[in-house]
DNA sequence: CTGTTAGCGCTTTCAT
DNA sequence: ATGAAAGCGCTAACAG
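Chains as they are written, first to last, in the numbering used here: chain A, 1 to 352; chain B, 1001 to 1352.
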């Protein structure tokens, strides 16, 4: 019996009530109590009532830890992201948490901070805590994914833009489609000389956006002028360098598509400084829909990743494959073009 | 039936290696294996080596679930926020996760979506999962906090702007100071008629910002003109209504402080539509430093909450009080004034 | 319909 | 220095 009340924090070490207490209080066997708690097996109405009352009176909450140990199932899933402070991952986490909660799962949150060693730690912790599955955004060390599945048997869903996928479930964003639609939009707007500030020319980076760019041109019957393609690095400063090259061409482009928003914004700002009007003299489209894209004065038309959907579909896939093991499955999600003012679309029927 | 070597996911049900396997492999007793794993008690160098090798060879990862059951400690803490998709909570979560990880704890993430019933569910789940403590942002149902501590013995740290605090640890933001500094800044800039679009006149809302507003005026020897105070609701549309009242006064204010950014931005935009220049004709200061505040064209001077610090200090306090129960402790954090263009500060020595 | 019992994987006395 | 055994809270056969 919890003796004289001591109101200092944690002082009393409130011993938690267990199923044993409930059973004793209701004067039944532990297993009977368990039956009513889990609503499994036969139990007479009268007994059920007594047990339920005991539960209420004692304020009993089942210990999932004990249950998990027995059942080898924790109803927890791990989420691995680079950094939850980044709004992109935050939105992903929101989707994952919500989908998980709706299905009776909780989410153990871990951050890699972009470091391979820390990613390893995340995995170890999650394995130790016996999560039923992991949602893993853009693994740094791809081999680790396979190792986890092999060594621990934990189901993994990888969310990534990369093409490669081994035996695990994958949620992939159709970058090629995104690029295709962006370029196609520019073509619809009448452009034929469309520059591309591209992903690095390195097999480590997926070349999906490049493929989309080329496909859009080809399908429109436009021959691709290789001078209009300048490789970027995705990093700061790279958009600047690239647009300088493009604008220096004998026949400069009238529009430019960029493999990410960062480079697009730099390109815009450089062009403006050179006296070009956006979008009248140069139309610009980016990729990612990061925060700055929607800022007043930027208003960048860009390809948005379906962040929320990625998280939700990831969680759904993971949890359903937990109930009934699925063979390696790949889901392709479509990005969407967000039309703002940098592409010239709103010029057609608005103010000049 | 899952037949011969099926490489489909989860088909093989990789049985996890346990301490028993390690013990057998190293030819020692389970308790000995346990000793080396936990580096506790005596164990000969030779035996230790054997066990460590077994661990490596088998890829053994201790099962924290089993350990937790025995030790009544999970090294998990629960985080309750309104909505992790909101960048404010995301930053908080980032801080919490980092501080927790550095101390060997993991974070179980839960969202209330602002609903009392869901908040209840969060608590139940966290209690069931036996978290060692909870970091709880702005509880909807304050009584629930006390109930949790009483019934489950779980230590709670509440992060809030409200004054009230019962027996639990609290991280509080000094809203009064924030408001004081905002208004004081306007006074320094030469304003004497400073309007206030205030928090609702409802005891359910803390009146800290109001106190700060009044104190700043008083300390500067300015008599508070009650006409200059208009109550807002924190909601959309309310800033608009309020600024209309203020600008309609016989002697309208030359500056206005707003209890949150939303109302401040509405006020700015209304004033501009009426032909007033910001900050020349009307200086505006907000509260919160939400995303839109820093947008080009908005550039709102505002009071920023020390989000990261709140999370970090919360986690630190929680974890240290887990090791050694502390009596109810309260921490007061200072917000900071972020000076942008809406207050006129940069007019003094810049372009007119 | 209800109770008894054997673990889940681990830590922790208590012997040896 | 090492091992045997009890038990954390719960579920799931298996008897009755």
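Ideal Cβ positions, reconstructed from N, Cα and C, are used throughout, including at glycine.
Assignment of beta-bridge partners to residue 1227 of chain B by DSSP yields no partner. Ranked by how close their Cα comes to the Cα of residue 307 of chain A, the residues A:41, A:92, A:270 have A:92 in first place. Under the 8 Å Cβ criterion, the segment 1237-1250 of chain B does not count as touching the segment 1208-1216 of chain B, having fewer than three qualifying pairs. Bounds of any alpha helix (DSSP H) do not take in residue 1330 of chain B; it lies within the beta strand (DSSP E) bounded by 1330-1333.
By the C-beta density criterion, residue 1111 of chain B is buried, having at least 16 other C-beta atoms within 10 angstroms. DSSP places residue 172 of chain A inside the beta strand (DSSP E), whose first and last residues are 169-173. For residue 1276 of chain B, the closest alpha carbon among the candidates B:1253, B:1116, B:1115 is that of B:1253.
The beta carbon of residue 59 of chain A lies closer than 7 Å to those of 17 in the same chain, with the five residues before and after it left out. A residue is called buried once 16 or more other Cβ atoms fall within 10 Å of its Cβ, and residue 1203 of chain B, having fewer, is exposed.
Assignment of residue 1081 of chain B by DSSP, reduced to helix, strand and coil, places it in the strand class.
Short of 7 Å from the beta carbon of residue 1103 of chain B, and not among the five residues preceding or following it, lie these beta carbons of its own chain, in chain order: 1319.
C-alpha of residue 1190 of chain B to C-alpha of residue 1257 of chain B: approximately 14 Å in a straight line.
In the three-state scheme derived from DSSP, where H, G and I count as helix and E and B as strand, residue 234 of chain A is classed as coil. For residue 1076 of chain B, the pairing in a beta bridge is given by DSSP as B:1106. C-alpha of residue 1136 of chain B to C-alpha of residue 1107 of chain B: approximately 12 Å in a straight line. Non-local beta-carbon contacts of residue 1312 of chain B in its own chain, meaning distances under 8 Å to residues more than five positions away in sequence, involve 1095, 1096, 1098, 1099 in chain order.
For residue 286 of chain A, the enclosing beta strand (DSSP E) covers residues 283-288. In the DSSP assignment, residue 302 of chain A is bridged to A:286, A:338. Within chain A, 84, 85, 90, 93, 109 have C-beta atoms less than 9 Å from the C-beta of residue 1093 of chain B, given in sequence order. Listed along chain B are 1065, 1068, 1069, 1074, 1129, 1130, each with a C-beta nearer than 8 Å to that of residue 65 of chain A. Distance between residue 134 of chain A and residue 1037 of chain B, taken at the CA atoms: about 26 Å.
Membership of residue 1131 of chain B in any alpha helix (DSSP H) is not indicated, and neither H nor E is assigned to it by DSSP.
Within its own chain, the residues whose Cβ lies closer than 7 Å to the Cβ of residue 1328 of chain B, once the five positions on either side in sequence are excluded, are 1167, 1168, 1169, listed in chain order.
A Cβ-Cβ separation of about 5 Å places residue 264 of chain A in contact with residue 284 of chain A under the 8 Å criterion. The beta carbon of residue 1151 of chain B sits closer than 9 Å to some beta carbon of chain A. Closest option to residue 310 of chain A, judged by alpha-carbon separation, among A:19, A:115, A:20, A:159: A:159.
Listed along chain A, no residue sits closer than 7 Å to residue 1306 of chain B by beta-carbon distance, the nearest being about 14 Å off. The segment 175-185 of chain A and the segment 222-234 of chain A do not touch, with fewer than three beta-carbon pairs separated by less than 8 Å. In this chain, the alpha helix (DSSP H) harbouring residue 1307 of chain B covers 1307-1323. Its Cα nearest to that of residue 174 of chain A, the residue A:332 stands out among A:332, A:341, A:130. Chain A has no Cβ within less than 9 Å of the Cβ of residue 1036 of chain B. If you ignore the 5 residues before and after residue 1113 of chain B, its C-beta comes within less than 8 Å of the C-beta of 1082, 1083, all in its own chain and listed in chain order. In the structure shown, residue 1033 of chain B falls within a helical segment according to DSSP collapsed to helix, strand and coil. Counting only residues of its own chain and dropping the five nearest sequence neighbours on each side, residue 1046 of chain B has no CB closer than 8 Å to any other CB.
Listed along chain A is no residue with a C-beta nearer than 7 Å to that of residue 1119 of chain B; the closest approach is about 12 Å. Rounded to whole angstroms, residue 56 of chain A and residue 1040 of chain B show a C-alpha spacing of 41 Å.
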